[in-house]
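In the working numbering, the protein residues as written are 1 to 309. Note that beta-carbon positions come from the ideal geometry of N, C-alpha and C, so glycine has one too. Keep in mind the model is a prediction, meaning the values are calculated, not measured. Please read the structure below before turning to the comments.
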Amino acid sequence: MPDKSEIRHFVSMLDFSADEIADVLKTAKKLKEEGRTHADPPLAGKTLAMIFQKPSLRTRVSFETGMTQLGGHAIYLAPTDISLGKRETTEDIAIVLSRYVDIIMARVFGHDIVEDLATHATVPVINGLSDYEHPCQILADFQTIIERKGALEGVNACYIGDGNNVAHSLMFGAARMGMHMTVITPPGYEPEGEVTREANEVASNTGSKITVTNDVNATAGMDVLYADVWASMGQESEAEDRKKLFSDYRIDADTMGRADKDAVILHCLPAHYGDEIDYETSRTPNSAIFDQAENRMHAQKALMFHLAG
Ligand code: CP
Ligand code: NVA
């Protein structure tokens with residue numbers, strides 16, 4: 001059995017150094033160029049277990065397809081299959097799965113659940129989204145920004161909407177990579193204070209500038225504009241109230257009029273058209289939302305290769 005201290009996990013965007021993130025992104029580009037089949041599939045014979053407490057289109061299909069393309073196999077464990085934490089403990093699930101599979105990916109509510117899996121697993125654990133972070137999404141976002149802008153360092157990006165899991169991982173990732181990140185939220189919906197503090201600490205070593213503001217006009221002149229749903233999975237009961245509170249925090253023709261003319265529009269999807277982004281704007285040439293969705297697969301293939309290849 002491998003020494004637990006040597007096993008790498010990807011639970012937080014901050015688990016990887018800037019060099020590691022750059023390496024994964026380089027591999028992702030290469031794998032994308034190679035296409036769907038690889039001459040010598042690097043994960044042949046390996047298995048990925050995918051635990052889901054929440055619904056998914058992109059994460060499930062991109063991981064499962066990606067593993068197939070790398071020569072391995074993925075097992076989908078639906079919310080009711082293993083009833084994480086109810087039918088048996090997270091600790092026992094991590095130990096048992098580690099006896100069968102080579103990588104565990106989990107989409108969970110509490111971030112502590114995916115941390116707990118990583119504590120007890122003897123194989124790499126990947127966070128496929130928790131209430132606190134969505135690091136796999138940010139790898140794909142970064143691949144997309146590099147495709148459109150040529151680099152991450154020095155790019156002025158903004159995120160508009162709720163200070164949620166995606167915003168948190170963007171802040172951590174931007175801080176690591178020297179990208180400037182402005183997070184624009186309604187009052188009371190800012191990212192967690194601890195995330196802002198930690199991101200600023202990392203940013204102080206990389207030249208990145210992290211800004212949190214309630215001013216919707218902060219989108220002016222930005223190179224990248226990013227939106228996500230106003231109410232995340234698990235916050236459905238707040239959705240109606242948030243529609244009123246968030247109505248100015250959206251990407252539409254007005255926002256684009258204030259941004260750089262070549263500004264890239266990103267959205268992690270699923271989108272609620274008419275709320276955080278309007279349909280017409282999402283279909284303009286500035287929009288990279290479907291490249292971003294595609295890149296989930298390339299970036300995660302590179303991530304799995306990095307962790308278990
Ligand atoms: N962006 C994203 O994670 O999509 P899914 O919820 O469909 O996996
Ligand atoms: N913030 C969203 C992201 C979905 C991919 C959520 O957690 O539901």
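**Prompt:** Could you give the residue range of the beta strand (DSSP E) that holds Thr211?
**Reply:** 210-213
Worksheet item: What is the rounded straight-line gap between the Cα of Thr211 and the Cα of Gly45?
Response: 45 Å
field: Pair within 9 Å by beta-carbon distance, Met13 and Phe246
entry: no
Q | Cβ-heavy atom distance, Cys158 to the ligand CP, below 8 Å | A | no
Take Ala218 as the anchor and find which of Arg258, Glu192, Arg283 has the nearest alpha-carbon. Arg258
Requested in this report: Determine which residues share a DSSP beta bridge with Asn164 and list them.
Outcome: In the DSSP output, where bridge partners are listed per residue, Asn164 has none listed.
Determine the extent of the beta strand (DSSP E) in which Thr122 is found, giving its start and end residues.
Per DSSP, Thr122 belongs to no beta strand (DSSP E) and is neither H nor E.
_Contact between the region 216-230 and the region 266-273 is defined here as three or more beta-carbon pairs at a separation below 8 Å; is this criterion met?_
yes
Q) Given that a residue counts as buried once 16 or more other Cβ atoms are within 10 Å of its Cβ, and exposed if not, what is Ser282? A) buried
For the beta strand (DSSP E) containing Ala49, name the first residue and the last one.
47-52
Met181 - DSSP class collapsed to helix/strand/coil: strand
Please classify Cys136: does DSSP put it in a helix, a strand, or coil? helix
*Taking buried to mean at least 16 other C-beta atoms within 10 Å of its own C-beta, is Leu84 buried or exposed?*
buried
- Message: On the CB-based measure, 16 or more other CB atoms within 10 Å of its CB, does Gly128 come out buried or exposed?
- Response: buried
Q) By how many angstroms is the C-alpha of Thr213 removed from the C-alpha of Gly72? A) 44 Å
- Message: Checking the sheet assignment: what are the DSSP bridge partners for Cys158?
- Response: Thr182, Leu225
Same chain, Cβ closer than 6 Å to Asp248, five either side skipped, listed in chain order:
Val216
Can you give me the C-alpha to C-alpha distance between Tyr159 and Met233, rounded to a whole angstrom? 18 Å
Check this for me: beta carbons of Ile146 and Leu25, under 9 Å apart or not?
yes
Practice item. Return yes when at least one heavy atom of the ligand CP lies under 8 Å from the C-beta of Pro79, else no. Key: no
**Prompt:** Do the region 89-99 and the region 13-22 touch if we need at least three Cβ pairs shorter than 8 Å?
**Reply:** no
Cβ-heavy atom distance between Thr65 and the ligand CP below 8 Å? no
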